[in-house]
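Undergrad: Protein chains in written order, with our numbering: chain A, 153 to 619; chain B, 39 to 517. Don't be surprised by glycine CBs; every beta carbon is placed ideally from N, CA and C. Keep in mind that this is a model prediction, so the values were computed, not measured. Would you mind keeping the following structure in view while I ask a few things?
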């Protein structure tokens, strides 16, 4: 009776990524009301710099009160539904985007299309570039939401470009070619590659060689490149961020066919920490894409009230420069905290320079090198340590044992607590292993048996978690 | 080809020659003092009559904004809130408002409220939920032009018009429904549902209880969905009172899983810029699916917060609904009486932000070409941007939709004056047929497959024609 899209579960929300969220919702941590609740570490939010925004608002009441030179702009904003977007807002956005890229690239507001969130921007690009049944190649691991955003209503298929820990999960020429061949085997027409740079969930930026390999590949296969750069403002350490546009310009590819097959997705959800405001955008060198996407944006325009407020905030260049600098500093501090704490717990992370999360290596805590074991470990972490983190399988990682842990969506105290919990669990798991080995010794059976039983009891995840 | 078919086809409807009307307005927009001979925009169904009520409320309630000193403590929580369930207080407030707009006769469940990017997003979303590519929805004509885009473009769902004519004041008959349904069957097209706009755009009328009951019986019998686009619910300004599909569900035998409502605050409150669309479904699976799809067009949390506050203020809402209705009634009366004085009649209407004007007697010939010719004269000579009935897929030439709520009183007067002058001249020219030939030599051709004129304007220019002051610094790009 309903459509196929409504009946099937292609929205992807039955994946573990979302199940963890549901558990969290039932038992959310609160430092006062529910100190033994689940700590949300699966949400890539940037909560570190709200004070900067709040203090700006306190000193800029004109913007706050929807007035311009003392006159109310409420009426005009209330009526403003032009899908070209508020011109001031777009002008500020392109300058902000340039600022983030160290002004090495300039953007033209006429090539910018506003949409309700990067979620909508990504889906819209699929509708513009691919037919139902066409494919896009994506390096793994990738943001779980892509399965919904890129595939669900568009009918586009995703083919993974497998990346592995052997080289820090970098995209290789070989992996690109393999993915392309795999799509061919599945009789899928490849329309492009979608990269997230900086990467979610890795927290790393793509190097120049990697970008060049990708560019060469896209030229050879005559396909599109979509670069989701929504974490571009969160690069807090070297190497510095290289946008796809910069890479193209450095190779003087402005007058080639590829130039009109490159598109950037951006949003203010991560860099400014404003996911609720639904500010997403597409930047494209392709006139037809800009034109079609602009019309499609009717299905998800940004509230004019929000466009106006943000155009005011972004117009204060001193503020934005300071914000970006301070925000990066805070993210770096946070990252250092979590990396040190994890190291202390005997857990390593992929070396990262961006993002709101760490890509954590817990392979040594798996009972076996399988995804079942990864799921088992994930559940332990959720139920015993009370932490909702994202298992690598939900990000389509090809190696079990990796997890994404977010660090910018909580206070320092909460982060410290979460690290204590994970350390305790890691130690328990290690002890459990040693306990199992001991259990096999034939001497002093009864004493050993009862000791083992005690240790095994500690490991069972049906017991009340010790926090 | 490097891009998709959707990106390069015409189904967005914007290549229609009807945009000449918009272009004429854009190039020469009316302004009472700066450009008194400019084109008056009467093609935009906006409700501009009651802004002062909202502005006053906002000034008195600084806490509703997350940016003021009074409201800033909420800034962080609101700014990070992206839960697709929406702010609880927002859903509660919208549910209450929807109930009030229906005279308190129905209660809406906040848990069935799903957000979307305006009614535009809501209509597309409900199609994605209910129909597969190639399947069809029946739509009574004349209908809102942008349905051709909203319901079909990316969803690939087909539209089958249900013809309504002036013989019975454009009411939807059982026969017309059956005929449309049969026709689809003969073409091997699966009909998944019927979508109605009630109150109607462009007619400005509400469905009678009998008609609504008949529609519900029809869809129930055929086991197809009914989507009721009720975005003009609170623009009803005179009797008969509005009867929502939600009201009659208990009175008629029907499967509630087939009933869905699309709503928005763009018309009733006059806030199209805020992009508040709502899908309300009695079908749990549709609510669940729709909620997930709403990720593609959530309402800005900043806006949710403001409106949650405003719409929870019972005193404000009650007064607003009453006052808005009163102002619309007054405006409608002024306008229709002005037209009657020059022998122009409109379909008797009790709702909406426009009238369905009967200009059949002014056509040189009772054909589509005749209508287009007259329309060009109205744009070029009378300088009013009105919407010809053909853009609404009306099967009878000579009807025009004319909006009256998007301007001040003085501008209404100017518009009426111009119409009076034109009709007066027209009477003279009827006696001199040779002069009339000049507008037949139009070089612009019609495309029957994409006759659309959209509400949310699309003009090649950067300027928003939605601004009452077209050259306002708000929308003028900084150079």
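Is it buried or exposed, residue 472 of chain A, if we count other Cβ atoms within 10 angstroms and call 16 or more buried?
TA: buried
Undergrad: In chain B, what lies closer than 7 Å to residue 379 of chain A by C-beta?
TA: Under the 7 Å cutoff, chain B gives no residues; its nearest Cβ is about 17 Å from residue 379 of chain A.
Undergrad: List in chain order: all unbroken alpha helix (DSSP H) runs of 4+ residues lying wholly within the stretch 97-134 of chain B.
TA: 113-117
Undergrad: On the three-state DSSP scale, how would you describe residue 309 of chain A?
TA: strand
Undergrad: Once the 5 residues before and after residue 198 of chain B are set aside, which same chain residues still bring their CB inside 6 Å of it?
TA: 174, 176, 218, 222
Undergrad: Is residue 567 of chain A close to chain B? Criterion is C-beta to C-beta, closer than 7 Å.
TA: no
Undergrad: For a quick check, are the C-beta atoms of residue 500 of chain A and residue 578 of chain A less than 7 Å apart?
TA: no
Undergrad: Quick one: grab the DSSP three-state call for residue 386 of chain B.
TA: Of the three classes helix, strand and coil, the one that applies to residue 386 of chain B here is coil, per DSSP.
Undergrad: With a Cβ-Cβ cutoff of 7 Å, do residue 62 of chain B and residue 297 of chain B count as a contact?
TA: no
Undergrad: Quick check on this structure: which residue in B:228, B:407, B:124 has the alpha carbon closest to the alpha carbon of residue 148 of chain B?
TA: Its Cα nearest to that of residue 148 of chain B, the residue B:124 stands out among B:228, B:407, B:124.
Undergrad: Any idea which residues DSSP pairs residue 441 of chain B with across the strands?
TA: BP columns for residue 441 of chain B point to B:392.
Undergrad: Under 7 Å, Cβ to Cβ, is there at least one residue of chain A near residue 114 of chain B?
TA: yes
Undergrad: Going by DSSP, what residues sit across from residue 290 of chain A in a beta bridge?
TA: A:312
Undergrad: From this set, B:242, B:351, B:419, B:429, which residue's C-alpha is nearest residue 409 of chain B's C-alpha?
TA: B:429
Undergrad: Helix, strand or coil: how does DSSP classify residue 326 of chain A here?
TA: helix
Undergrad: Within the 7 Å Cβ cut-off, does residue 292 of chain B reach chain A?
TA: no
Undergrad: For the alpha helix (DSSP H) containing residue 59 of chain B, name the first residue and the last one.
TA: Segment 57-65, the alpha helix (DSSP H) holding residue 59 of chain B.
Undergrad: Measure from the alpha carbon of residue 268 of chain A to the alpha carbon of each residue in A:290, A:565, A:237, then state which is nearest.
TA: It is A:237.
Undergrad: List the residues of chain A whose Cβ lies closer than 9 Å to the Cβ of residue 337 of chain B, in chain order.
TA: 268, 430, 455
Undergrad: Do you know how far the Cα of residue 455 of chain A is from the Cα of residue 158 of chain B?
TA: 14 Å
Undergrad: What did DSSP end up calling residue 547 of chain A once you bin it into helix, strand or coil?
TA: Looking at residue 547 of chain A - three-state DSSP - the assignment turns out to be helix.
Undergrad: Residues of the stretch 472-504 of chain A with a CB closer than 9 Å to any CB of chain B: list them in chain order, please.
TA: none
Undergrad: Is it buried or exposed for residue 404 of chain B, if we count other Cβ within 10 angstroms and need 16 for buried?
TA: Counting the other CB atoms within 10 Å of its CB gives residue 404 of chain B a total below 16, which places it among the exposed residues.
Undergrad: Given that residue 199 of chain A touches chain B, what residues does it touch there, using C-beta distances under 7 Å?
TA: 118
Undergrad: Does DSSP classify residue 483 of chain B as helix, strand or coil?
TA: Low per-residue confidence applies at residue 483 of chain B: pLDDT is 33, beneath 50, and the placement is therefore not dependable, though the value from the model is reported in the following sentence. In this structure, residue 483 of chain B counts as coil in the three-state DSSP scheme.
Undergrad: Here's the rule I'm using: 16 or more other beta-carbon atoms within 10 Å means buried, otherwise exposed. How should residue 485 of chain A be labelled?
TA: exposed
Undergrad: Would you list, in sequence order, the uninterrupted alpha helix (DSSP H) runs of no fewer than 4 residues that lie entirely inside the stretch 255-318 of chain B?
TA: 283-286
Undergrad: Whose C-alpha, out of A:294, A:320, A:306, A:304, is nearest the C-alpha of residue 313 of chain A?
TA: A:294
Undergrad: Could you tell me which chain B residues have their CB closer than 8 Å to the CB of residue 175 of chain A, listed as they occur along the chain?
TA: In chain order: nothing, as chain B lies at least about 16 Å away.
Undergrad: What did DSSP end up calling residue 383 of chain A once you bin it into helix, strand or coil?
TA: coil
Undergrad: With DSSP run on the structure shown, which of helix, strand or coil describes residue 304 of chain A?
TA: coil
Undergrad: Could one say the Cβ of residue 190 of chain B lies closer than 7 Å to chain A's Cβ atoms, at least one of them?
TA: no
Undergrad: For a cutoff of 7 Å on Cβ pairs, would you count residue 385 of chain A as touching chain E?
TA: Among the protein chains in the structure shown, which are A and B, there is no chain E.
Undergrad: Where does residue 554 of chain A sit, in a helix, a strand or coil, going by DSSP?
TA: strand
Undergrad: Please report the straight-line C-alpha distance between residue 494 of chain B and residue 220 of chain B, rounded to a whole angstrom.
TA: Below a pLDDT of 50, predicted positions are generally treated as unreliable, and residue 494 of chain B, at 34, falls in that range; the measurement from the model is reported next regardless. Distance between residue 494 of chain B and residue 220 of chain B, taken at the CA atoms: about 34 Å.
Undergrad: Helix, strand or coil: how does DSSP classify residue 423 of chain B here?
TA: strand
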